[in-house]
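First comes the structure, then the notes that go with it.
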Amino acid sequence: MDLYFAPMACSIATRIALYESGQGEAASFHPVALATKQLADGSDFYAINPKGQVPTLRLDDGQLLTEGPAVLQYVADRNPDSGLAPAFGTMERYRLQECLNFIATELHKQVLAAIFNPASPPEAKAFARDEVAPVKFGALAGMLTGRRYLIGERFTVADAYAFFVLTLCGFAGIDRSRWPVLETYYADLAQRPSVARALSEEMALTKKG
Numbered sequence: 007m008d009l010y011f012a013p014m015a016c017s018i019a020t021r022i023a024l025y026e027s028g029q030g031e032a033a034s035f036h037p038v039a040l041a042t043k044q045l046a047d048g049s050d051f052y053a054i055n056p057k058g059q060v061p062t063l064r065l066d067d068g069q070l071l072t073e074g075p076a077v078l079q080y081v082a083d084r085n086p087d088s089g090l091a092p093a094f095g096t097m098e099r100y101r102l103q104e105c106l107n108f109i110a111t112e113l114h115k116q117v118l119a120a121i122f123n124p125a126s127p128p129e130a131k132a133f134a135r136d137e138v139a140p141v142k143f144g145a146l147a148g149m150l151t152g153r154r155y156l157i158g159e160r161f162t163v164a165d166a167y168a169f170f171v172l173t174l175c176g177f178a179g180i181d182r183s184r185w186p187v188l189e190t191y192y193a194d195l196a197q198r199p200s201v202a203r204a205l206s207e208e209m210a211l212t213k214k215g
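Right, here's the structure in full:
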């Protein structure tokens, strides 16, 4: 498999999932400069994925899979024994999709994308940070009340995605400490070897850039 990613973008969740499921060593990682849509060799990323977004996963048979929640579930299902996704047809599997969609649409796009988008006017950034973020991250905190992970007591790809959005809080002016359950959860996630490795590697790439 080939993962096309941008350092410290949402594709870090896929890197975490690959490491967590034991598939990381067999995967190839290709950094993408999202500002220019170019690969490291200068080639056009649009030629690979016309959407121009990460994560993009090239499968062993040459097919492409895009969109974070779909990519994460594919990686999880490649190694069911990893427990990264509940079994098909179970209520827990629908809860996983519920969590992935909430993170993607409500936290990632509605809050963080609005804050980090250079085209967003200052008042839109402030509204996302000061009005929307408290509601949405408060909801995430509520989902974690009384449980270690988003789907109970086992780490899943939803937690890998949640780690990404919680990491960006520190760069977006969102104070995680107002939700102690999120601080505890984030600290727990950061100690997982797969998470620590992915974060270290991608932070190193941002410094090189």
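Its first residue numbered 7, the sequence shown is counted upward by one per residue in my numbering. Beta carbons are placed, not taken as given, at the ideal position from N, Cα and C, and that holds for glycine. Being a predicted model, the structure only gives us computed values, none of them experimental.
Quick check on residue i: does DSSP put it in helix, strand or coil?
| i | result |
| --- | --- |
| L9 | strand |
| R21 | helix |
| S34 | strand |
| A46 | coil |
| G95 | coil |
| A125 | coil |
| G219 | No information on residue 219 is available, as it lies outside the stretch 7 to 215 that the chain covers here. |
| A132 | helix |
| A39 | strand |
Nearest CA to the CA of residue i: which residue from the options?
| i | options | result |
| --- | --- | --- |
| G176 | S206, I121, P37 and L45 | I121 |
| Y10 | L71, Y25, Q29 and D67 | L71 |
| Y167 | D87, Q79, K43 and G30 | Q79 |
| V117 | N55, V141, R101 and Y192 | V141 |
| G74 | A15, Y192 and A145 | A15 |
| L174 | A125, Y191, L113 and R154 | L113 |
| R84 | E137, D66, N55 and E98 | D66 |
| L24 | R203, V138, S126 and Y52 | R203 |
| A76 | A46, L102 and L172 | L102 |
Is it right to say residue i is buried, meaning 16 or more other beta carbons lie within 10 angstroms of its own, or is it exposed?
| i | result |
| --- | --- |
| A196 | exposed |
| M149 | buried |
| F94 | exposed |
| N107 | exposed |
| S34 | exposed |
| S206 | exposed |
| G30 | buried |
| T62 | buried |
For the beta strand (DSSP E) holding residue i, just list the boundary residues, first then last.
| i | result |
| --- | --- |
| S206 | That residue, S206, is in no beta strand (DSSP E); its alpha helix (DSSP H) goes P199 to K214. |
| T62 | T62 to R64 |
Check this for me: beta carbons of residue i and residue j, under 8 Å apart or not?
| i | j | result |
| --- | --- | --- |
| A19 | F143 | no |
| V60 | S27 | no |
| T212 | P37 | no |
| V163 | A91 | yes |
| E189 | R198 | no |
| C105 | I157 | yes |
| D50 | K57 | no |
| A147 | V187 | yes |
| R160 | G89 | yes |
| G68 | R135 | no |
| R1 | M7 | Absent from the model: residue 1. The displayed extent of the chain is 7 to 215, so no value can be given. |
Which residues mark the beginning and the end of the alpha helix (DSSP H) in which residue i is found?
| i | result |
| --- | --- |
| F217 | The first residue shown for the chain is 7 and the last is 215, placing residue 217 beyond what the model contains. |
| T70 | Just to set this straight, residue 70 is Leu in the shown sequence, not Thr. Counting along the chain, L70 falls outside any alpha helix (DSSP H), though it belongs to the beta strand (DSSP E) covering L70 to T72. |
| L6 | Limits of the chain in this structure are 7 at one end and 215 at the other, which puts residue 6 out of reach. |
| K57 | No alpha helix (DSSP H) holds K57; DSSP gives it neither H nor E. |
| T190 | P186 to A196 |
| V141 | A139 to L150 |
Can a CB atom of chain D be found closer than 8 Å to the CB of residue i?
| i | result |
| --- | --- |
| C175 | Absent from the structure is chain D; it holds one protein chain and no more. |
Less than 7 Å between the CB of residue i and some heavy atom of the ligand FMN, yes or no?
| i | result |
| --- | --- |
| E208 | Judged by which ligands are present, the structure shown has none, so any question about the ligand FMN falls away. |
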